[in-house]
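To start, the structure under review is shown below, and the notes come after it.
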Amino acid sequence: MSSLRESFERVSLPALTVLSRQPRAVPFLAILALTLAGVLIPGWGWLLIALVVVILTWILLLAWPRLTTPERLMRVAVVVLMVAVTVTQAAPRG
23 MSSLRESFER VSLPALTVLS RQPRAVPFLA ILALTLAGVL IPGWGWLLIA LVVVILTWIL
83 LLAWPRLTTP ERLMRVAVVV LMVAVTVTQA APRG
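Below, the structure is given as structure tokens:
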């Protein structure tokens with residue numbers, strides 16, 4: 023394991039500890055709520071979706087070494103989809 027990866031995991035440990043203490047539904051519902059709010063709030067709502075992209079990317083990077091190729095592809099697809107939603111929401115309508 024590289025020192026960069028070790029430092030990333032070490033920095034992430036406090037947040038992961040807090041997440042692991044929550045019921046399994048809480049993180050899912052938080053992501054769902056942020057996504058729905060981001061889609062429904064006009065104007066700056068895309069910032070909430072961008073936050074979801076950051077959180078999902080962070081979790082993907084932490085889990086990457088333990089994932090199989092199909093799991094990696096599915097999770098990358100979700101992040102790409104959320105990026106597309108973010109860009110769509112952020113783009114001015116005309």
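Be aware that the sequence shown starts at 23, since it is given in this note's numbering, and climbs by one per residue.
Backbone N, C-alpha and C fix where the C-beta goes; we use that ideal spot for every residue, glycine too.
A quick note: this is a predicted structure, and the numbers were derived from the prediction, not measured.
{"Item": "Whole-Å CB distance - Ile81 paired with Met104, under 8 Å assumed", "Value": "Contact doesn't hold; Cβ gap of about 12 Å is too wide."}
{"Item": "CB contact flag (Leu84, Glu31, <9 Å)", "Value": "yes"}
{"Item": "Contact under 9 Å by Cβ, Val109 with Val61", "Value": "no"}
{"Item": "Leu78 and Val100 closer than 9 Å at C-beta", "Value": "yes"}
{"Item": "Classification of Gly67 by the beta-carbon crowding that lies within 10 angstroms, buried from 16 upward", "Value": "buried"}
{"Item": "For Ala113, the nearest candidate out of Val75, Pro64, Val33 (CA to CA)", "Value": "Pro64"}
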